[in-house]
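Trainee:
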Amino acid sequence: LPPPPSSSVSIYELSFGTMAGLCAGVFIKKGAKAAAFLLGGIFVLLQYFVSFSVVKVDWEAMATKFEQMFYSTDATGQKKTPTIYGLFRWMVDFLTADFQPRASFVAGLMLGLRIG
Numbered sequence: 001l002p003p004p005p006s007s008s009v010s011i012y013e014l015s016f017g018t019m020a021g022l023c024a025g026v027f028i029k030k031g032a033k034a035a036a037f038l039l040g041g042i043f044v045l046l047q048y049f050v051s052f053s054v055v056k057v058d059w060e061a062m063a064t065k066f067e068q069m070f071y072s073t074d075a076t077g078q079k080k081t082p083t084i085y086g087l088f089r090w091m092v093d094f095l096t097a098d099f100q101p102r103a104s105f106v107a108g109l110m111l112g113l114r115i116g
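So the sequence shown is numbered by the working numbering: it starts at 1 and just counts up by one.
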């Protein structure tokens, strides 16, 4: 087998913004996995208890609460569902507020999300 290609990223030439973005990306990806694991486990546990009639869950109320928290309303009054792009844009705007090396941070963030 041929040797694996060498990386085009040199650790010695990364800027502060890139390193901050890389660390933030890894943190976000690991945190999102942990949150998904926790919420999925809670859902499975609730469904398990519902199957034995231990608890009753009002899923309609949960869906309504979710819509109130995450859906937006446009100018015509129609509800708009959240998108991955909107979440990513909000996250980048939040993380780069008052942070000068924004471009290198976003590049590092993308790399951190990829390798995290």
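The beta-carbon is built from N, C-alpha and C at its ideal position, and this holds for glycine as well.
1. Locate the alpha helix (DSSP H) running through D93, then write down its first and last residues.
2. Please list, in chain order, all residues of the same chain as K29 whose beta carbon is under 8 Å from its beta carbon, the five residues on each side excluded.
3. For the alpha helix (DSSP H) that contains Q68, what are its first and last residues?
4. May I have the straight-line CA-CA distance separating T73 from L39, to the nearest angstrom?
5. Evaluate A36 with the Cβ neighbour count: other Cβ atoms within 10 Å of its Cβ, from every protein chain shown; 16 or more gives buried, anything less gives exposed.
6. Tell me, please, which residues DSSP counts as bridged to T73.
7. Nearest CA to the CA of M91: which residue from K65, V106 and K56?
Mentor: Short version:
1. Run containing D93: I84 to L95, per the alpha helix (DSSP H) assignment.
2. Sequence-distant Cβ neighbours of K29 in its own chain, meaning closer than 8 Å and more than five residues away, are G112, L113 and G116.
3. Counting along the chain, the alpha helix (DSSP H) containing Q68 begins and ends at W59 to F70.
4. Between the alpha carbons of T73 and L39 lies a distance of about 26 Å.
5. The residue is exposed, with fewer than 16 neighbouring Cβ atoms inside 10 Å.
6. Paired residue(s): K79.
7. Nearest of K65, V106 and K56 to M91, Cα basis: V106.
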